[in-house]
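Asker:
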Amino acid sequence: MLSRIIEISMNQRPLVLAAAVALTVAGIWAALRLPLDAVPDITPPQVQINTGVNTLAPEEIEKQVTFPIESEMSGIPGMVELRSLSKSGLSQVTMLFEEGTDLHRARQIVSERLQQLSGELPEGITPQLAPLATGLGEIFYYSVDYKKGATNRPSSRREQLMQLKLIQDFQIKPLLRQTHGIAEVNTSGGYEKTWVVQPDPQRLLNAGLTVPDLASAILENTRNAGGGWVELGGEQVTIRANSRITRPAQIGEILLKHPGSGQPLRVRDVARIEVGSAFRTGASTENGEEAVVGSAIMMAGGNSRITAAAVREKLAAIQHKLSHEVEIRTLYDRSELVDHTIETVEKNLTEGALLVVVILFLFLGDFRAACIVALAIPLSMMFALLGMVELRVPGNLMSLGAVDFGLIIDGAVVMAENILRHISARQHALGRLLTPSERRSEVLASAREVVRPMFFGVLIITAVYVPVLALQGIEGRMFRPMAVVV
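Each residue of the sequence shown is one higher than the last, beginning at 809 in my numbering.
What follows is the structure, encoded as structure tokens:
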């Protein structure tokens, strides 16, 4: 069959050239659609449950929150590992699943089981699923800060960070989450602005009140409430109590007691109201100075290069909607890393092809034969790109950069060298140049001579990669793409 393929190729040379052109066009089409990344994503399929617990110690969090969640999650189909973490303020349960597991289905099962825990956890604690992302999903980091020379920024750095965090949480983050392929936008650093009520214990004692009484009064008087409706003149009028506060001074006016003939007792009489910040558990810095930093998290299975570029364009559009004194600065852009990786791969391919041509020319003594052999590299890569798109194998430093050029051109070198040897020997025997028909005949005979050992030799070398396809876990996710491409 191999000899038959060679014979058809010799007799139908226009068809072979057309097939090569078609392969080139199809390969370019595949290259434009191939997902690109810097390195393989070695994160296994996982679902994570995060629970914020601000009032319990780590030991209590483990007993009252983490353990009940672990018990409820046991036995989920396809789960291979269940681990947890309990620390101050946080309970985290991570479930790892088998390769090929549908993460959407796994998250649905986890959500259904979480609903059954509503009555077993402490009051006010709500577990939440982590975003549908992987460990390598952080594709873009940026900072939000005032421009140098801004005149309307707060005087102290603490007040600046508080204001910048408000801009990040209420202006930038909601708009950035609309970007296609983004699972979540996280914020780190800054101060969360709050209105702090600091009670005076002695004044509360003199007034016959306790701290819970003060907290209850503030809670009841800072909520809107509906009171139904009444008909007035044929119109239906809604009754409601608008008690939402808009500034700290309104908290001080909340009534605590009304002794009748005396002066009413208000919150400002027993407590001090001021602008403060919530308790912080971490901070972020930029160039050694504390800053507000945002990070865009890509959805699992996304194209990091395209998604990072979309985030960059979205942030540029958001910048025009912010105050002219506030700027968004890029700290890390995954697309730049991917571009540098692709440049490395392209450089390796180009230099490898040129090196092959030079070495072959030196050993074969025929420039045309060297170029024909070197054509095996781009044509093989075009065919590989088609297979990668079909099999959804992303292009990265491992899948593309680890391909061995020697393996690609091995068969072509053997065949080209044997053809040159036969043609040279025939011309030397006849004492003249071969005619076109004699040249085709000699090429066909010499190709048939080496096609079987050449084919099986390359097949044996390629078979070395077969065991790589059997790798599992992190090793499989790292090296299997390379074997598939080969």
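All residues carry an ideal CB built from backbone N, CA and C; glycine is no exception. Owing to the predicted nature of the structure, the values given are computational and were not obtained by experimental measurement.
What first and last residue would you give for the alpha helix (DSSP H) that runs through V1259?
Answerer: Note, V1259: alpha helix (DSSP H), P1244 to A1271.
Asker: To which residues of the same chain is T909 closer than 6 angstroms at the C-beta, ignoring the five residues directly before and after it?
Answerer: Cβ neighbours of T909 beyond the five flanking positions: P853 and G886.
Asker: For F1087, report the span of its beta strand (DSSP E) as first-last.
Answerer: Where F1087 is concerned, there is no enclosing beta strand (DSSP E), given that its DSSP letter is neither H nor E.
Asker: Do you know how far the Cα of V1164 is from the Cα of S996?
Answerer: Whole-angstrom Cα-Cα distance: 51 angstroms.
Asker: Just verifying my parser: in three-state terms, what is the DSSP assignment at D1008?
Answerer: Here D1008 sits in coil by DSSP.
Asker: Who are the Cβ neighbours of G1160 in its own chain at under 8 angstroms, not counting the five residues just before and after it?
Answerer: Excluding residues within five positions, the ones whose Cβ falls inside 8 angstroms are I1185 and F1213.
Asker: Compute the beta-carbon to beta-carbon distance between A941 and I1105, rounded to the nearest angstrom, for a pair I have assumed lies under 8 angstroms.
Answerer: Going by Cβ atoms, the distance from A941 to I1105 rounds to 5 angstroms, so yes, they are a contact pair.
Asker: Whole beta strand (DSSP E) runs in the segment 1096-1143 with 3 or more residues, listed along the chain?
Answerer: Fully enclosed beta strand (DSSP E) runs of 3 or longer: 1097-1106 and 1134-1141.
Asker: If we call anything under 8 angstroms between Cβ atoms a contact, is V888 one with L904?
Answerer: Cβ distance < 8 angstroms, so V888 and L904 count as in contact.
Asker: Tell me which residues share the same chain as N1032 and place their Cβ nearer than 7 angstroms to its Cβ, disregarding the 5 neighbours each side in the sequence.
Answerer: Here the set comprises R1048, A1049, N1050, S1051 and R1052.
Asker: Roughly how many angstroms separate the alpha carbons of K1155 and V1272, rounded to a whole number?
Answerer: Cα to Cα, K1155 sits roughly 26 angstroms from V1272.
Asker: Could you tell me the boundaries of the alpha helix (DSSP H) in which A1220 lies?
Answerer: From DSSP, the alpha helix (DSSP H) with A1220 extends over F1213 to L1238.
Asker: Which runs of the alpha helix (DSSP H) fall wholly inside the segment 842-886 and span at least 4 residues, in chain order?
Answerer: Within the segment 842-886, the complete alpha helix (DSSP H) runs of at least 4 residues are 866-869 and 875-881.
Asker: Counting pairs of Cβ atoms below 8 angstroms between the segment 982-989 and the segment 1076-1094, do you hit three or more?
Answerer: Result no; under three Cβ-Cβ pairs closer than 8 angstroms.
Asker: Starting from D977, trace the beta strand (DSSP E) both ways and give me its first and last residue.
Answerer: Segment: none, D977 is in no beta strand (DSSP E) and carries neither H nor E.
Asker: Could you check whether A834 and L1187 sit closer than 8 angstroms to each other, using their CB atoms as the reference points?
Answerer: In this structure, A834 does not lie closer than 8 angstroms to L1187 by Cβ.
Asker: Using the C-alpha atoms, what's the distance from G860 back to I1136?
Answerer: Whole-angstrom Cα-Cα distance: 29 angstroms.
Asker: For the beta strand (DSSP E) that contains A914, what are its first and last residues?
Answerer: Element bounds for A914: not the beta strand (DSSP E) but the alpha helix (DSSP H), L911 to Q923.
Asker: For H1132, count the other beta carbons within 10 Å of its own beta carbon; 16 or more makes it buried, fewer makes it exposed. Which is it?
Answerer: Under this definition H1132 is an exposed residue.
Asker: Specify the secondary structure class of I933 as computed by DSSP and reduced to three states.
Answerer: Reduced to three states, the DSSP call for I933 is coil.
Asker: Using only CA atoms, which one of V855, S892 and E868 lies nearest to E906?
Answerer: Measuring from the Cα of E906, the nearest candidate turns out to be V855.
Asker: Among all the DSSP beta bridges, which residues are the ones paired with K1065?
Answerer: Partner(s): L1073.
Asker: Can you tell me which residues form a DSSP beta bridge with F1169?
Answerer: Looking at the DSSP assignment, F1169 forms no beta bridge with any residue, so it has no partner.
Asker: Pick out whichever of A1220, I869, I814 and A914 has its Cα sitting closest to the Cα of S892.
Answerer: Closest option to S892, Cα to Cα, is I869.
Asker: Between which two residues does the alpha helix (DSSP H) holding R1288 run?
Answerer: Where R1288 is concerned, the enclosing alpha helix (DSSP H) stretches over G1281 to V1293.
Asker: Does P1202 pass the burial test, meaning 16 or more other C-beta atoms within 10 Å, or should it be called exposed?
Answerer: By the neighbour-count rule (16 or more Cβ atoms within 10 Å), P1202 is buried.
Asker: Under 6 angstroms Cβ to Cβ from S1092, same chain only, skipping five residues before and after it: list those, please.
Answerer: Answer for S1092: S996, G997, A1099 and V1101, listed in chain order.
Asker: Taking just the CA atoms, how far does A1116 sit from G1219?
Answerer: For G1219 and A1116, the distance between alpha carbons rounds to 41 angstroms.
Asker: Quick one: grab the DSSP three-state call for T1046.
Answerer: The answer is strand: DSSP assigns T1046 an E or B state.
Asker: Assuming P848 and L929 are in contact, meaning their beta carbons sit under 8 angstroms apart, how far apart are those beta carbons, in whole angstroms?
Answerer: About 38 angstroms separates the two Cβ atoms, so there is no contact after all.
Asker: Per DSSP, which residues does V901 bridge with? Please list them.
Answerer: According to DSSP, V901 bridges with I857 and S892.
Asker: Who are the Cβ neighbours of D1008 in its own chain at under 8 angstroms, not counting the five residues just before and after it?
Answerer: Excluding positions up to five away in sequence, the list reads V1078, A1079 and R1080.
Asker: Alpha carbon to alpha carbon, how far is K895 from A865?
Answerer: When rounded, the distance between both Cα atoms is 8 angstroms.
Asker: Compute the Euclidean distance between the alpha carbons of P1244 and E1250, then round it to the nearest angstrom.
Answerer: Answer to the nearest angstrom: the Cα atoms are 10 angstroms apart.
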